[in-house]
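Student:
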Amino acid sequence: MNEAHRGFELHHQLAEDSVLIRELPLCQWRMMNDARFIWTLLIPQRAAISESFQLPAPERQQLWQEVDAVGQALHDAFPADKVNIGALGNRVTQLHVHVLLRHRQDAAWPGPVWGYGQPEALGSLRLHEQLEALKALHLHLS
């Protein structure tokens with residue numbers, strides 16, 4: 001275990017709603033199990049953090065570098081009209097940043113996806129295929 005990750009525990013709701021793509025230098029990169037969107041999360045592997053300003057400056061910089069790298073990789077790999085990035089934390093206070101792709105024809109457009117309708121679980125084959133496609137993406141991290 002990375003010493004900096006000591007004490008990190010993934011919130012049970014994030015664990016239930018998503019699957020690990022891979023660990024990055026700071027964050028767990030996870031895929032939401034929702035067929036309506038290509039929707040990922042970045043969760044800093046630090047204990048008791050609910051706001052980005054609680055991270056030391058170098059880790060805050062690393063967080064946004066990882067957010068940008070994931071957003072760019074998703075944008076390059078999958079056609080979409082917009083990359084949405086958000087960190088709400090009203091229901092799950094553990095700091096997590098949503099990075100997802102939006103399309104003008106999606107049911108929630110142009111509004112936010114948070115709280116819109118009910119998630120539609122990916123079937124096991126589609127979940128596996130989407131997860132493998134995301135794992136294969138090259139992230140430009142320095």
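Going by full-length UniProt numbering, the first residue of the sequence shown is number 1, and it counts up by one from there.
Built from N, CA and C at the ideal position, the CB exists for glycine as well.
1. Short of 8 Å in beta carbon distance, which residues of its chain neighbour S142, apart from the five on each side in sequence? Order them along the chain.
2. Note down the Cα distance separating H98 from A133, rounded to an integer number of angstroms.
3. Tell me which same chain residues have a C-beta within less than 8 Å of the C-beta of L63, skipping the five on either side of it?
4. Could you tell me the alpha carbon to alpha carbon distance between A48 and G7, rounded to whole angstroms?
5. Name the residue from A15, H128, E129 and V92 whose alpha carbon lies nearest to the alpha carbon of D114.
6. Between the Cα of H138 and those of A107, G117, V70 and E120, spot the shortest distance and give me the residue it belongs to.
7. Are R102 and N84 closer than 9 Å when you measure CB to CB?
8. Is the distance from the Cβ of L95 to the Cβ of S124 below 9 Å?
9. Do you know offhand how far F78's Cα is from L100's?
10. Taking just the CA atoms, how far does A57 sit from F37?
Tutor: Reading from the atomic positions:
1. Q65
2. Taking the straight line from one Cα to the other gives about 18 Å.
3. Annotation for L63: L26, C27, L42, P44, S52, L55 and V97 place their beta carbon closer than 8 Å to its own, counting only its chain and skipping 5 residues before and after.
4. 8 Å
5. The displayed chain sequence assigns Trp, not Asp, to residue 114. Selected option, being the one with the closest Cα: V92.
6. V70
7. yes
8. no
9. 11 Å
10. One alpha carbon belongs to F37, the other to A57, and they sit about 32 Å apart.
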